[in-house]
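**Q**
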Amino acid sequence: MVNYRYAPLRKKKSNAKWIFLIFLLGMISVGYIYRRDIYFLFARDQNARAEKAKEKTVELWKSGSLKEQDIADFHALTITFAEKDSLEPTAFHLIARSLYWNLVRLGIRFDSSSLILNLGSNFSDFIGQTQLAQETMDQIFWNARQSEALATSPYLDWENNRVLLFLTETHRQVKRPSALTAEYGNIDSEKLSAEFQSMFVWLLTFNMMQAGDANGLEKILETTKKPDYKGEIHFSPREENFLKGMGKYYKKDYVASLSLLRSTKTEIPDRITETSIITEATIFHLQNLTQKGIDLLEAHYEKSGKRNPEILQLIKQMISERPLSKSKLDLGIPK
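Be aware that the sequence shown starts at 162, since it is given in this note's numbering, and climbs by one per residue.
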């Protein structure tokens, strides 16, 4: 009798897992070999997206349609860009740029009116003493500086980044105005984006005024009259004489300063008239004609409706430095 022994059917081992492992190793090897190409592919894509978003935001700014949400969206995109490519200088410039657009939202305008109003003042007074304004300026500075540090050569937004540094260096007041104009005065304005054209002229005028650079100021005034000038800052003949007069004052050319400033005064006690009178009185004080300066200030104070308490402070300061001088106003000084 034949005995049949039961033999269980053996399943054929599958090679699928080995095929998958070989495929995976192959992909890893390809990825390693072409890792730089893959990295730059993603970097270029991120850069292209950021550039496209920047152009859209600039157009919104030019049309006056830029909203808070547009700025927030662009800022978020730039942060992502920097996180994914922490060595890309453009990413940090765009962060600084998104923060600059926030200054407009805070009510800061770089136009001829704000320039005239703030000549002779501290730049931080113009920007504002709020924590938000101060933090925004600090962040613009550090991101623009990081962008500059990472760049091995000038890039597309190089000049735009430099003008942001000019802005924040003016605010920091670490360097003298003359040093700032020497460092940033050669920025190629033709390469500046639309939103920076007026700001550059504003900063250059402000710092040249503080530095007493009358020749540099003359060049700026002539530039604003050229047909190809793209900025929005323009000066009337009266404003030009005022700027020149203040420039002569900072240069300590007091005779020329007085002549120009007196030509700008009107019967209306506006900012130009008041600043001209205060500067004229200050010149008298510097020339040991303090009583003449005090009389001038008193007359203006009465005529303008006693609106500016800074005039009283200036008179008090003059009397403290020249004790023989007197004032008809109640300054709260013991007689």
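Cβ coordinates follow ideal geometry from the N, Cα and C atoms, glycine included.
Roughly how many whole angstroms lie between the Cα atoms of MET479 and ALA233?
**A** For this step, residue 479 is matched to residue 318 along the sequence shown. For this step, residue 233 is matched to residue 72 along the sequence shown. Distance from the CA of MET479 to the CA of ALA233, rounded to the nearest whole angstrom, comes to 49 Å.
**Q** When the cut-off is 8 Å and only beta carbons count, does GLU220 lie next to chain B?
**A** In the structure shown, chain B does not exist; there is a single protein chain.
**Q** Once DSSP output is grouped into helix, strand and coil, what is the label at GLU463?
**A** Stepping through the sequence shown from its first residue, residue 463 is reached at position 302. GLU463 falls in the helix class under three-state DSSP.
**Q** Would you kindly work out how many angstroms separate the C-alpha atoms of TYR316 and LYS387, rounded to a whole number?
**A** Looking up residue 316 in the sequence shown gives position 155. Looking up residue 387 in the sequence shown gives position 226. Whole-angstrom Cα-Cα distance: 28 Å.
**Q** Between which residues of its own chain and PHE235 is the CB-CB distance below 6 Å, once the five residues before and five after are set aside?
**A** For the purposes of this step, residue 235 is taken as residue 74 along the sequence shown, with counting starting at 1. Counting only Cβ-Cβ distances below 6 Å, and skipping sequence neighbours, we find ALA214, THR218 and SER259.
**Q** By the 10 Å Cβ neighbour count, where 16 or more other Cβ atoms means buried, how is PRO484 classified, buried or exposed?
**A** Residue 484 sits at position 323 when you count from the first residue of the sequence shown. Exposed is the call here.
**Q** GLN452 by DSSP, collapsed to three states: which one?
**A** Position 291 of the sequence shown, counted from the start, is the residue given in the question as residue 452. GLN452: helix per DSSP, three-state reduction.
**Q** Alpha carbons only, please: which of GLU212, SER285 and ASN279 is nearest the one belonging to ILE256?
**A** Here residue 256 is taken as the residue at index 95 of the sequence shown, counted from 1. Taking each of GLU212, SER285 and ASN279 in turn and checking the Cα distance to ILE256, the smallest one comes out for GLU212.
**Q** Given a threshold of 16 other Cβ atoms within 10 Å of its Cβ, counted over all protein chains shown, does ILE472 qualify as buried or as exposed?
**A** Reading the sequence shown from its first residue, position 311 is the one you call residue 472. Result: buried.
**Q** Please go through the same chain and pick out, in chain order, the residues whose beta-carbon is closer than 8 Å to the beta-carbon of PHE361, but skip the five residues on each side of it.
**A** On the sequence shown, position 200 is the one that residue 361 refers to. VAL324, PHE327, ILE348, SER350, LEU353 and GLY392, listed in sequence order.
**Q** Alpha carbon to alpha carbon, what distance is there between THR425 and SER418?
**A** Working through the sequence shown from its first residue, we reach residue 418 at position 257. Working through the sequence shown from its first residue, we reach residue 425 at position 264. Their Cα atoms are separated by approximately 11 Å.
**Q** Secondary structure at PHE271, three-state DSSP: helix, strand or coil?
**A** Counting from one through the sequence shown, the residue named residue 271 turns up at place 110. DSSP places PHE271 in coil when its eight states are reduced to three.
**Q** Taking 8 Å as the limit between beta carbons, can you name the residues of its chain near PHE396, skipping five residues before and five after?
**A** The residue given as residue 396 occupies position 235 in the sequence shown. Within its own chain, the residues whose Cβ lies closer than 8 Å to the Cβ of PHE396, once the five positions on either side in sequence are excluded, are SER273, LEU382, THR385 and LEU404, listed in chain order.
**Q** Cβ of HIS461 within 8 Å of Cβ of GLU428?
**A** Counted from its first residue, the sequence shown places residue 461 at position 300. Counted from its first residue, the sequence shown places residue 428 at position 267. Contact flag unset, no.
**Q** On the three-pair Cβ rule with 8 Å, is the stretch 485-492 touching the stretch 444-460?
**A** yes
**Q** For the alpha helix (DSSP H) that contains GLY408, what are its first and last residues?
**A** Counted from its first residue, the sequence shown places residue 408 at position 247. Per DSSP, GLY408 is one residue of the alpha helix (DSSP H) stretching across 398-411.
**Q** Apart from the five residues on each side of it in sequence, which residues of its chain come closer than 8 Å, Cβ to Cβ, to ASP286?
**A** Position 125 of the sequence shown, counted from the start, is the residue given in the question as residue 286. Same-chain partners within the cutoff: ASN279.
**Q** At the level of alpha carbons, what is the spacing between ILE301 and GLN295?
**A** Reading the sequence shown from its first residue, position 140 is the one you call residue 301. Reading the sequence shown from its first residue, position 134 is the one you call residue 295. Take the alpha-carbon of ILE301 and the one of GLN295: they are about 10 Å apart.
**Q** Given a cut-off of 8 Å, decide if GLY281 and MET407 are closer than it, judged by their beta-carbon atoms.
**A** Within the sequence shown, numbered from 1, the residue matching residue 407 stands at position 246. Within the sequence shown, numbered from 1, the residue matching residue 281 stands at position 120. Yes, the Cβ-Cβ distance between MET407 and GLY281 is below 8 Å.
**Q** Whose C-alpha, out of GLN358, VAL416 and PHE367, is nearest the C-alpha of TYR390?
**A** If you number the sequence shown from 1, residue 390 lands on position 229. For TYR390, the nearest C-alpha among the options comes from GLN358.
**Q** Are the CB atoms of GLU400 and LEU422 nearer to each other than 8 Å?
**A** Here residue 400 corresponds to residue number 239 of the sequence shown, with the count starting at 1. Here residue 422 corresponds to residue number 261 of the sequence shown, with the count starting at 1. Taking 8 Å as the cut-off, the beta carbon of GLU400 is found no closer than this to the beta carbon of LEU422.
**Q** For THR331 and LEU364, which I take to be in contact (beta-carbon distance under 8 Å), what is that distance rounded to the nearest angstrom?
**A** Your numbering for residue 331 matches position 170 in the sequence shown. Your numbering for residue 364 matches position 203 in the sequence shown. That pair is a contact at about 6 Å.
**Q** Is ASP491 buried or exposed, if buried means 16 or more other CB atoms sit within 10 Å of its CB?
**A** To locate residue 491, count along the sequence shown from 1; it is residue 330. Result: exposed.
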